[in-house]
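Take a look at the structure set out below.
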Amino acid sequence: MTAEAPPQANPPRVPAAHVKNPTLARALFAMMAGDRAVVVDSPPGAGKTHLITNLAQQLHDRAGMTVAIAAQTRAQALDVANRTAETGAAVSLLVKHKSVRPPGLSPDVTLVSQGRLRPGLGIVVATTARWLWTPTHTFRTDALLVDEAYQLTYADLGGLGTLADQVTLVGDPGQIDPVVTGETRRWDGWAAGPHQPSPSALLASDSDGHVTSLRLPKTWRLGPATTDLIRPLYSIPFESARPPSHVEDSTGPLPEYCVQHVTVTGGQADPAIALAAATRVRARLASGSVHTLDGARPLTARDVAVVAPHVEQTTMLAAALADQPDVFVGTINQAQGLERHAVVAVHPLAGYATVSPFATDLGRTCVALSRHRSHLTVVADDRTSAVLARTLRDHPEDTATRTQQHLLDTLTNQGARP
Amino acid sequence: MSATLFDLGMRLRAAHEQRPVARTHHSLALPPNGALAVMTAREAGELTVSASDGEREASHAGEDALEALDEFEVSVDGAHRTLVVADHGTLRDLLSLALRAPERPCAPVIAWWDQRADHPGSGAVHMCIAAARARFALGTSPEAERDLGTWLRWFGIDDAGPSALLQLARATAVGPVLPGLLDCAGADSRSWDAFAKRLRKGQDWRRPDSRTDAALGLATRSDAAELFDSLLLGDPLAAVAASFAGSVVCGTVTSATKGRFTVRADRPVSRLRPGARVAGWEGEACDVQDSETRLRDGEIEAAAMGTDAALDIAVRDAVFRPSPLGVGDRVSLRARPVDPFQQQRARRNLSQRYRTAGNWLAGRGTPTPRRGNVPLDVVLAAADEA
Amino acid sequence: MTNPPPTTGLDEYTEQIAASVGRDAAELVTSVEHDAAGEALAALHAGYTQAAAVGR
Chain F
0 MTAEAPPQAN PPRVPAAHVK NPTLARALFA MMAGDRAVVV DSPPGAGKTH
50 LITNLAQQLH DRAGMTVAIA AQTRAQALDV ANRTAETGAA VSLLVKHKSV
100 RPPGLSPDVT LVSQGRLRPG LGIVVATTAR WLWTPTHTFR TDALLVDEAY
150 QLTYADLGGL GTLADQVTLV GDPGQIDPVV TGETRRWDGW AAGPHQPSPS
200 ALLASDSDGH VTSLRLPKTW RLGPATTDLI RPLYSIPFES ARPPSHVEDS
250 TGPLPEYCVQ HVTVTGGQAD PAIALAAATR VRARLASGSV HTLDGARPLT
300 ARDVAVVAPH VEQTTMLAAA LADQPDVFVG TINQAQGLER HAVVAVHPLA
350 GYATVSPFAT DLGRTCVALS RHRSHLTVVA DDRTSAVLAR TLRDHPEDTA
400 TRTQQHLLDT LTNQGARP
Chain H
0 MSATLFDLGM RLRAAHEQRP VARTHHSLAL PPNGALAVMT AREAGELTVS
50 ASDGEREASH AGEDALEALD EFEVSVDGAH RTLVVADHGT LRDLLSLALR
100 APERPCAPVI AWWDQRADHP GSGAVHMCIA AARARFALGT SPEAERDLGT
150 WLRWFGIDDA GPSALLQLAR ATAVGPVLPG LLDCAGADSR SWDAFAKRLR
200 KGQDWRRPDS RTDAALGLAT RSDAAELFDS LLLGDPLAAV AASFAGSVVC
250 GTVTSATKGR FTVRADRPVS RLRPGARVAG WEGEACDVQD SETRLRDGEI
300 EAAAMGTDAA LDIAVRDAVF RPSPLGVGDR VSLRARPVDP FQQQRARRNL
350 SQRYRTAGNW LAGRGTPTPR RGNVPLDVVL AAADEA
Chain L
0 MTNPPPTTGL DEYTEQIAAS VGRDAAELVT SVEHDAAGEA LAALHAGYTQ
50 AAAVGR
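Chains as they are written, first to last, in numbering that gives the first Met the number 0: chain F, 0 to 417; chain H, 0 to 385; chain L, 0 to 55.
Spelled out as structure tokens, the structure:
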């Protein structure tokens, strides 16, 4: 008779993040089973980074897979590396030169330089730009996970394809398209064009049904009213799962969003816009408090962001709020990925007497309307409604303008002005 | 807004002087030597193509419209020739004719011109209206500048046919050529040779782009656009205009230590963000060509607005030639110039990655199937309702 | 030159720009030759003076 081995005194704890997260579980299933590609669509604040970091950890620790994670900016790479380290996984950040350790990098993240990259390192995080320069014959992983995949062009995804056979793309389909400087008219109307966001292009090319399509179904950042507001901008359904959270001022609780109308005569650079937005920020800081399940506390500068579509507007805002350096001031493009309790957003059409494609871009508007956890004030031009109505009379087929009109109507009618 | 006002100032000047005013000191296009100008017109559903090389003109309509180009022996044999057209509309008309008559010698050349037209700085296609608008301002609204007739009137060109386009192209190309632009002409020659080679190997010019063609096509177009914009900042007049848009930042040095300096910007708008690699020169924006002290390299460490509404920019790892600037010196900053050789290396890198065997994401082959084991807890969790 | 070139649309465009910076169009046109104070008009003046006329 063979003696049985005694049970281990302390069996390794199996990570359990996937147990309560069916989307993570399905992505894990697909990758472990050997599926070629997985696309995970994520509305704002739905746990994208949580999914990617836990997916990486389990693929490595449980399935013994080597994993490369591609982020789109250095700041994103830093954040993903830090949060992957928090799962307990061994993770490295790939940089050009090891000599300078990026400020803010967790001490649990190992730095590795291009020259020292070797197979078997485990989980390696780098920007897409850095991965595209990794020699194709010296380094491959079992899995490639791409964060903010809707900011990556299909052309660049093809370049990353030498890294791994299996790929998971995670991103927000409602946000700003990848920045492309070259003329793309040659591929107009081609859903799998090189300039297209990589997840939608990959799905468009997938004639064999090899791409597993998943979605994160809940937003943990946005409240129910905001979720209803931006839902028309998405083709994927999602619900709010945010725990109760609101901002109060001296008059009482503030709604999830409201509109502050301002009369604008001087175009997009009219100081009245920045003044109205800055005044609102100061009002919030003076008497605001944040109320969550953890209790109530004063609203601080770190809880607040003010965003605007144009650099000239953010310049004026930065000047007006120079004594509050902890308040985030930036363009909507710069605010991608950002979250704050209270946000003041300059409406993309403020100062416009006629619409332009930049102003009506739905991705940019979506980012502006989805940064806040507890309260959003939109500073809007009191002419915008009439401008949109006039455009629609002349161009009833313009869907972006129609959606903008619907959004503004909802903001104005549903959001009570405090 | 400042950039728009600067532009309006130029238009008012043009109106007062009753002549076009230059937006750039340099020509942004090579003179159209040996070029062929083409116009298309549609009447009663039929297209007419007229072509001129400055000495003779040819015009044909309907099914044989492209005969106008064949008369000038436009074909892939021999050297490439610059096409001069008013705008993209003419190219679209020519391409539609070429697709209906693909066997004509000029048909593949039209396809090549159509590709090169997407590359700013290319000398293969001269788009008269766009080129004139980039080079000059007229005393009219921007809307009026989109009309060919407006330009012909302002330049006193009385001809009506395609030779008028040649005259406008010549008028647009006066002055010293923008430094770096000649290299773009080199790119045209390489593209032409590669195109002709593929045709000789039997490739059909009408074939839709493969994944690799498309990815590299986007790369060449993006690189051309970025290189052209970068070269433009080397022009004094363009640099001044850019200083009102924030892509050139002028100011005064407020502190200087080894490898680091700070600048108080004249205007609070800057597109140079922390982390950006920069270059620059001593003096004002218009001194870009003549300044003897240059910032070869640096990185924006911080850009902060003070309570006095002034923008202070800190630059580190600064490399000056021949010697660093000091407090009180005037300086102009811009994004580090684009290096066309670095762009070429990046394209070669991308091309190599696309041609790597097994890269299924690039459309090459299918991955080796891998069937792994899935732990039971994952199976169960995946089966849960969301 | 017998006929000056047409300044098509310039007046309306100037009015549009003037309105968007809260000024009068006539004020803009008369101030353009002077080095007026203020960021808005400084840009206008710079554009006017930087432009070098080109002979035909």
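Backbone N, C-alpha and C define an ideal beta-carbon position, used for all residues, glycine too.
For Gly-21(L), the nearest CB of chain F lies under 8 Å from its own CB, placing it at the interface with that chain. Taking the CA atoms as reference points, Gln-15(L) sits about 37 Å from Pro-196(F).
Non-local beta-carbon contacts of Pro-297(F) in its own chain, meaning distances under 6 Å to residues more than five positions away in sequence, involve Ser-288 in chain order. Inclusion of Asp-76(H) and Arg-184(F) in the CB contact set at 8 Å is not warranted, their separation being larger than that value. Out of Pro-101(H), Thr-251(H) and Met-38(H), the CA that lies nearest to the CA of Asp-265(H) is found in Thr-251(H). By the criterion of a C-beta distance shorter than 8 Å, Ala-25(L) is surrounded by no residue of its chain, once the five residues flanking it on both sides are discounted.
Between Arg-134(H) and Leu-294(H), the beta carbon gap of about 28 Å keeps them out of contact (Cβ cut-off 8 Å). Rounded to the nearest angstrom, the gap between the Cα atoms of Leu-11(H) and Ala-352(F) is 23 Å.
Within chain F, the residues placing a beta-carbon under 8 Å from that of Trp-359(H) are Arg-35, Gly-160 and Asp-164, ordered along the chain. Here the C-alpha atom of Asp-92(H) lies approximately 22 Å from the C-alpha atom of Gly-53(H). Shortest Cα-Cα distance from Val-378(F) to any of Ala-285(F), Val-306(F) and Glu-85(F) involves Val-306(F). Using a Cβ-Cβ cut-off of 8 Å, Ser-1(H) counts as an interface residue toward chain L, since at least one Cβ of chain L sits closer than that to its own. A direct Cα-Cα distance of roughly 8 Å separates Glu-66(H) from Ser-58(H). Taken in chain order, the complete alpha helix (DSSP H) segments of 4 or more residues contained in the segment 160 to 216 of chain H are 161 to 171 and 180 to 199. Ranked by Cα distance from Ala-69(F), the options Glu-238(F), Ala-148(F) and Pro-101(F) are led by Ala-148(F). Annotated three-state conformation of Leu-147(H) is helix, per DSSP.
Burial is judged here by how many other beta carbons sit within 10 angstroms of a residue's own beta carbon; Lys-47(F) has at least 16 and is buried. Boundaries of the beta strand (DSSP E) around Tyr-256(F): 256 to 261.
Distances from the alpha-carbon of Leu-213(F) to those of Gly-294(F), Pro-356(F), Pro-193(F) and Pro-172(F) put Pro-172(F) closest. At a beta-carbon threshold of 7 Å, the residues of chain L lying near Thr-149(H) are Thr-7, ordered along the chain. Of the candidates His-87(H), Pro-273(H) and Ala-303(H), Ala-303(H) places its Cα closest to the Cα of Ala-319(F). Sequence-distant partners of Ser-246(H) (beyond 5 residues in either direction) whose C-beta falls short of 6 Å from its own C-beta, in its chain, are Arg-270. The count of Cβ pairs closer than 8 Å, one atom from the segment 168 to 184 of chain H and one from the segment 222 to 230 of chain H, reaches three, so the stretches are in contact. For Ala-110(H), the CB contacts under 6 Å within the same chain, skipping 5 residues up- and downstream, are Trp-204 in chain order. Excluding the 5 residues flanking it on each side, Gly-362(H) has same chain C-beta neighbours closer than 6 Å at Arg-210, in chain order.
Gln-165(F): member of the beta strand (DSSP E) spanning 163 to 170, first to last residue.
Under the three-state reduction of DSSP, Phe-327(F) is assigned to strand. In chain order, Thr-306 make up the part of chain H whose C-beta sits under 8 Å from the C-beta of Asp-322(F). For Ala-273(F), no chain H residue has a C-beta closer than 8 Å to its own C-beta; the minimum C-beta separation is roughly 11 Å. In this structure, Leu-46(H) lies near Ala-60(H), with their beta-carbon atoms less than 8 Å apart. Here Leu-147(H) is not near Cys-105(H), since their CB atoms are 8 Å or more apart. For Glu-72(H), the closest of Thr-39(H), Ala-34(H) and Met-126(H) by C-alpha to C-alpha distance is Ala-34(H). What Val-287(H) touches in chain L, judged by beta-carbon distance under 7 Å, is nothing: the nearest beta carbon there is about 13 Å away. Between the segment 119 to 129 of chain F and the segment 71 to 86 of chain F, the count of Cβ pairs shorter than 8 Å is three or higher; the stretches touch. Along the length of the segment 82 to 161 of chain F, whole alpha helix (DSSP H) runs at least 4 residues long occupy 127 to 130 and 153 to 159, reported in chain order. In the three-state scheme derived from DSSP, where H, G and I count as helix and E and B as strand, Pro-356(F) is classed as helix.
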